[in-house]
Amino acid sequence: MKALDDVTILDFTHVQSGPTCTQLLAWLGADVIKVERPGAGDATRKQLVDKPGADSLYFTMLNHNKRSLTLNAKHASGRQILERLVKTCDVLVENFAPGALDRMGFTWERIQELNPRMILASVKGFGPGPYAECKVYENVAQCAGGAASTTGFRDGPPLVTGAQIGDSGTGLHLALGIVAALFQRESSGRGQRVFAPMQDGVLNLCRVKLRDQQRLDAGPLTEYSQYGEGAPFGDATPRAGNDSGGGQPGRILKCKGWETDPNAYTYFITQAAVWEAICEVIGKPEWKDAPDYATPPARLPRLNEIFDAIEAWTVTKTKFEVMDICNPLNIPVGPILSMKELAEEPSLRETGTIVEVDHPERGPYLTVGCPIKMSDSEVEVARAPLLGEHTQEVLREVLNYSDDDVAALIESGAV
Ligand code: CAO
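Count along the sequence shown from 1, add 1, and you get the number used in the working numbering.
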């Protein structure tokens, strides 16, 4: 048994945002039928290719546990097949450019005529408004959603982050909307539209920065390093470097080996409740009671000095030694882990968060498995499908086409 057994998804997604969503639904047990253009497929199959001739990691790592059906949506017979799939499936997920699905003949009105229980779930770059018609990729969403203006250092340009909050983040939002719509359909009997704009998803993840925007009205943001540095605040939430963003100040600090290892760093949080333990560990016991250091408000203007003193200690230890010493004292710290270290971490292999998958074209590769663990709906990560691998199977099994029908459809170029 899987959580989404008996749910069939017509997966009209491509690149990253939509595929992230449908991959999650597949891991939760849905039958995901990915529709791809004959001969080409999802453009990511052949992007960032590392093994000539094989599907890329870009594609394979976003499309596990799906079936691939090739179908030309602009061919009359292809459109008929799509109509039959709309009648049969529970959810249509798409992240085409604005208007593309309508141009294929599948407006929301038409979809409802074909199947009133159908849930139509879409990702677009922007919601209604001046940019509704724009095509959008990850970094555009990060910039338009407020992440870039608040990431980086005060004296440097805006920065994008490696976490794909625009694509994968929006895919997550969409998946939640789909599951909620499936739940609501149980009582209403009706499908509905689920819409997740990437700008909105990024802004949702930057919620604390809009919090700070409003706090600026009440004066400088005292937990930001720039407050202690005496730099004036402007009229918008500034970039805060590696400041913690919460009520407990934190920084990234050097550890032993930083001169040669770009990831020999730790995140260190000066949790108020364990201030005395921090003072002991870093060899500053006199700071426990000194009026300039003993309370969180007294420390705020001197965070640079305090973190310099902590770093003078962390730099004598490896990032893992810092963990080993601080964790028993309830001092929150975290090593900066590289992708290499994560890929090799045994505990992540054991929980299925890092999985090795075999692929007929590529051989074995690593992927990130399902990050949601459910006690009654276990996930087995299956390799991504080859282009059109399941075309005949889907036509026969899901739509009951005969062998002769399937042969004629292949001959016509519709699939
Ligand atoms: N059969 C026939 N035609 C098909 C087809 C199929 N199976 N699958 C796709 N097509 C057609 C579409 O109908 C569309 O045709 P028209 O423009 O003539 O209507 C065409 O292929 C291209 O679709 P597209 O505009 O979505 O693709 P693109 O590569 O030009 O743009 C992207 C890509 C991602 C910028 C755009 O899809 C987009 O903005 N999507 C919404 C936002 C989003 O999800 N972005 C995240 C992507 S990951 O970074």
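For every residue, glycine included, the Cβ atom is placed at its ideal position computed from N, Cα and C.
Confirm, please, whether the CB-CB distance from residue j to residue i is below 8 Å.
i: GLU390; j: ASP56; result: no
i: THR152; j: ARG212; result: no
i: LEU93; j: ILE82; result: no
i: THR368; j: VAL358; result: yes
i: SER245; j: ILE283; result: no
i: GLY190; j: ARG80; result: no
i: LYS255; j: VAL323; result: no
i: GLY247; j: LEU206; result: no
i: LEU410; j: SER18; result: no
i: VAL356; j: PRO39; result: no
i: GLY335; j: HIS76; result: no
i: THR319; j: GLY258; result: yes
i: GLY229; j: PRO159; result: no
For residue i, which of the options has the nearest alpha-carbon?
i: VAL124; options: PRO221, SER78, PHE13 and GLY163; result: PHE13
i: ARG68; options: LEU388, SER413, ASP404 and ILE411; result: LEU388
i: ALA176; options: VAL137, ALA408, ASN401 and THR21; result: THR21
i: GLU4; options: LYS374, ILE411, GLU345 and SER403; result: Looking at the sequence shown, residue 4 is not Glu but Ala. It is LYS374 whose Cα lies nearest to the Cα of ALA4.
i: VAL435; options: ALA291, ALA415, ILE270 and VAL399; result: What is shown of the chain runs 2 to 416, which leaves residue 435 out entirely.
i: THR89; options: GLY335, ALA101, LEU63 and VAL8; result: VAL8
i: SER339; options: HIS360, ASP405, CYS327 and TYR266; result: TYR266
i: GLY220; options: ALA237, CYS207, LEU204 and ALA74; result: ALA237
i: SER376; options: GLY247, THR352 and ARG384; result: THR352
i: SER150; options: LYS341, VAL203, LEU222 and GLU95; result: VAL203
i: ARG104; options: TYR132, GLU114, SER78 and ALA74; result: ALA74
i: THR296; options: GLN272, GLU312 and TRP314; result: GLN272
i: ASN140; options: THR162, PRO131, PHE127 and GLY172; result: THR162
i: ALA122; options: ILE10, GLU281 and TRP259; result: ILE10
i: ALA145; options: ILE311, GLY126 and ILE279; result: GLY126
i: PRO329; options: ALA310, GLU37 and ILE279; result: ILE279
i: ASN243; options: ILE337, ASP201 and ALA181; result: ILE337
i: GLU287; options: ALA181, GLY42, GLN24 and ILE307; result: ILE307
i: LEU26; options: PHE196, LEU173, THR61 and LYS210; result: LEU173
i: THR45; options: ALA133, TYR59, ASP51 and LYS52; result: TYR59
Just reading off the beta strand (DSSP E) that residue i is part of, what are its end residues?
i: ASP290; result: Looking at the DSSP string, ASP290 is not in any beta strand (DSSP E), and its letter there is neither H nor E.
i: VAL369; result: 366-369
i: ALA122; result: 120-125
i: VAL282; result: Careful: VAL282 lies outside any beta strand (DSSP E), inside the alpha helix (DSSP H) at 276-282.
i: ARG68; result: 67-71
i: LEU11; result: 9-13
i: GLU260; result: Unbroken run through GLU260: none, as it is neither H nor E.
i: ARG252; result: 251-255
i: PRO336; result: 334-336
i: ILE166; result: Looking at the DSSP string, ILE166 is not in any beta strand (DSSP E), and its letter there is neither H nor E.
i: LYS35; result: 32-37
i: VAL382; result: Run containing VAL382: none; DSSP gives neither H nor E here.
Starting from residue i, trace the alpha helix (DSSP H) in both directions and tell me its first and last residue.
i: ARG155; result: ARG155 -> no alpha helix (DSSP H), and no H or E assigned at all.
i: VAL203; result: 199-206
i: VAL141; result: 139-145
i: PHE97; result: No alpha helix (DSSP H) holds PHE97; DSSP gives it neither H nor E.
i: THR267; result: First-last for THR267: 266-270, but that is the beta strand (DSSP E), not the alpha helix (DSSP H).
i: ASP405; result: 404-413
i: ILE311; result: 304-315
i: ILE82; result: 77-89
Assuming residue i and residue j form a contact by the criterion Cβ under 8 Å, report the distance between their Cβ atoms to the nearest whole angstrom.
i: LEU86; j: THR392; result: The Cβ separation is near 12 Å, so there is no contact.
i: ILE120; j: ASP91; result: 6 Å
i: GLY167; j: MET199; result: 5 Å
i: GLN215; j: ARG155; result: 20 Å between Cβ atoms; not a contact.
i: HIS65; j: ARG384; result: 7 Å
i: GLU277; j: LYS285; result: That pair is no contact at about 11 Å.
i: LEU396; j: VAL382; result: Wrong, their Cβ atoms sit about 26 Å apart, outside the cutoff.
i: ALA197; j: GLY178; result: 6 Å
For residue i, decide whether its Cβ has a neighbour in chain D, counting only Cβ atoms nearer than 8 Å.
i: ALA41; result: Among the chains in the structure shown there is no chain D, since it carries only a single protein chain.
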